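All the letters of the sequence shown, read from the start, carry residue numbers 26 to 227 under my numbering.
All residues carry an ideal CB built from backbone N, CA and C; glycine is no exception.
Note that the structure is predicted; figures quoted are calculated from it, not measured.
Below: the structure, in structure tokens.
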Amino acid sequence: MFTFVIGFVLILIFLYASKKFYWSGTHCPSQDRMDDKIVVITGSNTGIGKHTAIELAKRGARIILACRSRQRAEEARQEIISKSNNNRIDIEIIDTSSLQSVRECATRLRKSLPRIDVLINNAGTFLKSLLRFLPAFIIEHLGMLTQSKEKSIDGYEIHLATNHLGHFLFTNLLLDLLKKAPSARVINVSALAHARKSDSFQ
Numbered sequence: 026m027f028t029f030v031i032g033f034v035l036i037l038i039f040l041y042a043s044k045k046f047y048w049s050g051t052h053c054p055s056q057d058r059m060d061d062k063i064v065v066i067t068g069s070n071t072g073i074g075k076h077t078a079i080e081l082a083k084r085g086a087r088i089i090l091a092c093r094s095r096q097r098a099e100e101a102r103q104e105i106i107s108k109s110n111n112n113r114i115d116i117e118i119i120d121t122s123s124l125q126s127v128r129e130c131a132t133r134l135r136k137s138l139p140r141i142d143v144l145i146n147n148a149g150t151f152l153k154s155l156l157r158f159l160p161a162f163i164i165e166h167l168g169m170l171t172q173s174k175e176k177s178i179d180g181y182e183i184h185l186a187t188n189h190l191g192h193f194l195f196t197n198l199l200l201d202l203l204k205k206a207p208s209a210r211v212i213n214v215s216a217l218a219h220a221r222k223s224d225s226f227q
């Protein structure tokens, strides 16, 4: 019984520490305003992307939520507006696993935006086998689109297509808008998950 209690207490301490120091993220010391900035964030209806959008919206930036699902993007938009008191939040539909969808989204942005100050390539997919030990609600909270082993509509391995090729094309198609900003930034969000898998894309 004593061993059980000790084990249970250690688990509680681990969970508390994980939430406080890892899952809760870290504090950004910068207080810079972004009132005149235009920010495009892929995969911004949940997880890191949504929280980034909330923080930048609080600083006054105009945010373009580039997401796969309009319904989920609209839900995120309402939450971001509510938490930031900034209604300059727009939605664009993009599926980074589809090169055609990437091209269409980039074309719409080139027609509607005068420039892009910050492009955050955040959307991503994650192998289900690496998440099999996590409950579904945690996977949803992390904001990861999970996929089994499959290929994209263009015939590429789904992770390579979604996490890399789509964003590479998207960034290149938006270079002209980025060059119009006085000090543009491109931020690619990544993870260490690749270290647990092989380099094969077959």
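Each residue's CA atom was taken as its position, placing Ser107 and Val30 some 43 angstroms apart. Within the DSSP bridge table, the entry for Arg97 names no partner. Going by C-alpha positions, Ala209 is about 5 angstroms away from Asp142. Each of Asn146, Leu40, Ile38 and Glu100 was checked against the Cα of Ile119, and the nearest Cα belongs to Asn146. Ser94 and Ile38 have their C-alpha atoms roughly 37 angstroms apart. Ile88 is not a Cβ neighbour of Ile73, given a cutoff of 8 angstroms. Spanning the alpha carbons of Thr71 and Asn213 requires a straight line of approximately 16 angstroms. Closest in alpha carbon position to Glu104, among Glu129, Arg135 and His76, is His76.
The C-beta distance from Leu202 to Leu124 rounds to 19 angstroms, too long to meet the 8 angstroms contact threshold. Between Val211 and Leu144, the C-beta spacing is below 8 angstroms. Buried is the label assigned to Leu81, since at least 16 other Cβ atoms lie within 10 Å of its Cβ.
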